[in-house]
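Visitor:
Quick look at the structure:
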């Protein structure tokens, strides 16, 4: 056995073993000003090879020199297109695969300060070159209404921190633009000077612990029906102290976060992801992502992002000494649920096509009605021959979903992002062929000519462009049932801003026949709950008497807002026939933190008997919040495996040493 002195000596040697070796940056003409190719006929020629269903039409909306290297796009209520453009990709934002001599040092970084120090120690005098290139937010506009952009300008730049990643996420709304580029989440505000960000505020910082793979950046910006801002990061990792003083320490995995629009109340929503490039909500408030594979024989994954879940990926698997991504491949953690898979993970719904990047959910108007309920997913594979856009539909399965159908929607481009504009058209950004950045970029639109000319599309565009502030409460309440999700959501947010009488919202939410007005009225009540006892009371009523979907959302809100008066309602909901209702009730019991709920949650585990992994997850997270050690100890020795595995998973989340007792369990899988 080594002596204490020898162990101390080895510890002193460790920093030497990981000391920085001087590396040279790969030579490149790094420019402080973006270089964009001149106009040509290439984009028009490329248009001819794009294929879509016969009743749809593709048009070129913008091309170089109006933009280059588009990573993400968004269209605001005025029809202006905001583009996040990268000029640092693989020249100032490095890919570890090109600098493998510093892999161990990179993996050892625990926060962005470590990575900043690594840049200085490894690249020495060349470290200043990391400050030359800047990412750009560009604004494009069709000012004359001819269907093509005629204005291009830089909305914001100066994103040239040595730690800066690629410009990856952009979300534009009412003169404000949220922008993600490692290491920060930014809020950019348009002031008196049109088309320019007069104010740039860093509202969160601490993302991008590792160099890792480029593209595994900070992205996925989207507003949820709760009014929160959601976004994602790849496995470059996070170490951040929030405005409230809470530490988020996830240095070796991707995650989904949510916060208030000003960056406050930042929290982890889910973790264990590899590179969830974008996020999408469906009209029922369910959150999904399409995660990328690790290039070791696995496949991409369609993931239902269960709150508080861990999907299992860790950055170190990519470089496993075992080879082949270690346990990720050995235990098939990337496949839908199967026997022998690690029990702590939430597996994907389905495996899908390679290279998912941009994602959009059909809002309800614009294209043909056959696209209701469809996710549009860009498949970016470096070649136009193998890239395109697929559509996916899902159907309920227990507390979660399963894949219903998938179809190739478009091919012939290298799409990075996709979104739906107020004019009803689908907009997509084209990287142009190849993996490296270039000096080119395009935006195309897809339209359904017959639908495009219809009154509903024109009405939708008018409602979105005119915004909601001037509308009466009665008008806004009626718009909660509008066919387009975007209109419904903006009407909901305006009702909240106006502090509408909760009784009026409750009248919309209740009722025996389901309609989307019920969902949005319920979400609006949830947004009003802080400081509004009347709204809280109506949420408690809906948790008992609402239609199934409304009841599920109300049960969720009971937990989100810590409404302890709803405890018995949550307990009763664990016996509901609907797995979805039981799922939300169990999660909310964990948020209330009443230890007495443990018995009912263990009963749910027993009844579920490991049938539904999402329902088990909800029960376990409920137990984690309740922290009833005596009940867990009893469950850990139960003759029923469903209770023992539930106890084990709960101990795991709590980081309780009691997990060790399962080394003696008669079931070797535990």
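In my numbering, the protein residues as written are 20 to 689. Note that CB positions come from ideal geometry on N, CA and C, so glycine has one too. Only a predicted model underlies this, so the values are computations on that prediction, with no experimental measurement involved.
Use the C-beta contact count for residue 604: other C-beta atoms within 10 angstroms, 16 or more gives buried, fewer gives exposed.
Guide: When all chains shown are included, residue 604 counts as buried.
Visitor: Residues in the same chain with beta-carbon distance under 6 Å from residue 396, minus the five sequence neighbours each way, listed in chain order, please.
Guide: Excluding residues within five positions, the ones whose Cβ falls inside 6 Å are 309, 375, 378, 409.
Visitor: For residue 511, report the span of its alpha helix (DSSP H) as first-last.
Guide: Note, residue 511: alpha helix (DSSP H), 504-516.
Visitor: Hey, residue 248 and residue 278 are a contact pair by Cβ (cut 8 Å); roughly how many whole angstroms apart?
Guide: Indeed, because the Cβ distance is near 6 Å, the residues count as touching under 8 Å.
Visitor: Are residue 115 and residue 230 close, meaning C-beta to C-beta below 9 Å?
Guide: In contact: residue 115 and residue 230 (Cβ atoms closer than 9 Å).
Visitor: Tell me whether residue 80 sits in a helix, a strand or coil according to DSSP, three-state version.
Guide: DSSP places residue 80 in strand when its eight states are reduced to three.
Visitor: Rounded to whole angstroms, how far is the Cβ of residue 558 from the Cβ of residue 582, which I believe are closer than 8 Å?
Guide: Yes, they are in contact, since the Cβ atoms of residue 558 and residue 582 sit about 7 Å apart, within 8 Å.
Visitor: Work out the CA separation of residue 336 and residue 167 for me, nearest whole Å.
Guide: Going by the C-alpha atoms only, they are around 46 Å apart.
Visitor: With DSSP as the reference, label residue 493 as helix, strand or coil.
Guide: Helix at residue 493.
Visitor: Locate the beta strand (DSSP E) running through residue 154, then write down its first and last residues.
Guide: Its beta strand (DSSP E) spans residues 154-160.
Visitor: First and last residue of the alpha helix (DSSP H) that includes residue 568?
Guide: First-last of the alpha helix (DSSP H) with residue 568: 567-579.
Visitor: DSSP three-state call for residue 370: helix, strand or coil?
Guide: Correct three-state label for residue 370: strand.
Visitor: Just the C-alpha distance for residue 32 and residue 225, rounded to the nearest angstrom, thanks.
Guide: Any answer about residue 32 is weak, because its pLDDT of 35 lies below 50 and its placement is not dependable; what the coordinates show is given next. Answer to the nearest angstrom: the Cα atoms are 29 Å apart.
Visitor: Suppose only complete runs of 4+ residues qualify. What are the alpha helix (DSSP H) ranges in the stretch 191-221, listed by chain order?
Guide: Runs found: none.
Visitor: Mark residue 71 as exposed unless 16 or more other C-beta atoms lie within 10 angstroms of its C-beta, in which case mark it buried.
Guide: It is buried - the Cβ of residue 71 has at least 16 other Cβ atoms within 10 Å.
Visitor: Quick one: using the 10 Å Cβ neighbour count with 16 as the cut-off for buried, is residue 627 buried or exposed?
Guide: The residue is buried, with at least 16 neighbouring Cβ atoms inside 10 Å.
Visitor: DSSP state of residue 603, grouped into three classes?
Guide: DSSP places residue 603 in helix when its eight states are reduced to three.
Visitor: So, at 8 Å on beta carbons, what are the nonlocal neighbours of residue 152 in its own chain, with the 5 sequence-adjacent residues on each side left out?
Guide: Once the five neighbours on either side are set aside, the close Cβ partners of residue 152 are 49, 50, 51, 106, 107, 110, 111, 179.
Visitor: Below 8 Å on the Cβ atoms is my contact criterion, and I expect residue 156 with residue 174 to pass it. Report the Cβ-Cβ distance as a whole number of Å.
Guide: Residue 156 to residue 174, Cβ: 5 Å. Contact.
Visitor: Looking at the structure shown, is residue 223 part of a helix, part of a strand, or coil, going by DSSP?
Guide: Strand.
Visitor: Quick check on the DSSP output: what are the complete alpha helix (DSSP H) runs of length 4 or more inside the stretch 440-482, in order along the chain?
Guide: Counting whole runs of 4 or more residues, the stretch 440-482 contains the alpha helix (DSSP H) stretches 468-471.
Visitor: Which parts of the stretch 296-380 are runs of the alpha helix (DSSP H), unbroken and 4 residues or longer, counting only runs that do not cross its ends?
Guide: You should have 346-349.
Visitor: Kindly indicate which three-state DSSP category residue 415 falls into: helix, strand or coil?
Guide: Strand at residue 415.
Visitor: Taking buried to mean at least 16 other C-beta atoms within 10 Å of its own C-beta, is residue 284 buried or exposed?
Guide: Flag for residue 284 reads exposed.
Visitor: Taking three-plus beta-carbon pairs below 8 Å as touching, is the stretch 322-333 in contact with the stretch 549-566?
Guide: These segments do not touch.
Visitor: Identify, in the order they occur along the chain, each residue of the same chain with its Cβ nearer than 7 Å to the Cβ of residue 403, setting aside the five sequence neighbours on each side.
Guide: Result list for residue 403: 431, 432, 433, 452, in chain order.
Visitor: Please list the segments of the alpha helix (DSSP H) lying wholly inside the stretch 81-161, counting only runs of 4 or more residues, in order along the chain.
Guide: The stretch 81-161 contains these whole alpha helix (DSSP H) runs: 122-127, 131-142.
Visitor: Under the three-state reduction of DSSP, which class applies to residue 291: helix, strand or coil?
Guide: Correct three-state label for residue 291: strand.
Visitor: At which residues does the beta strand (DSSP E) containing residue 257 begin and terminate?
Guide: Residue 257 -> beta strand (DSSP E) spans 257-260.
Visitor: Does the Cβ-Cβ distance between residue 448 and residue 92 come in under 9 Å?
Guide: Yes, Cβ-Cβ distance for residue 448 and residue 92 is below 9 Å.
Visitor: So who's on the other strand from residue 182, going by DSSP bridges?
Guide: Its beta-bridge partners do not exist; DSSP assigns none.
Visitor: If I follow the unbroken alpha helix (DSSP H) through residue 685, where does it start and stop?
Guide: Neither: residue 685 is in no alpha helix (DSSP H) and is coded neither H nor E.
Visitor: Please list the terminal residues of the continuous alpha helix (DSSP H) segment that includes residue 561.
Guide: Residues 552-564.
Visitor: Enumerate in chain order the residues of its own chain whose CB-to-CB distance from residue 316 is below 8 Å, with the five nearest sequence positions on each side excluded.
Guide: The residues are 343, 348.
Visitor: Counting along the chain, where does the alpha helix (DSSP H) carrying residue 584 start and finish?
Guide: Here residue 584 belongs to no alpha helix (DSSP H), and DSSP marks it neither H nor E.
Visitor: Does the structure place the stretch 459-468 close enough to the stretch 507-516 that three or more beta carbon pairs sit under 8 Å?
Guide: In short, these stretches do not touch, since the Cβ pair count stays below three.
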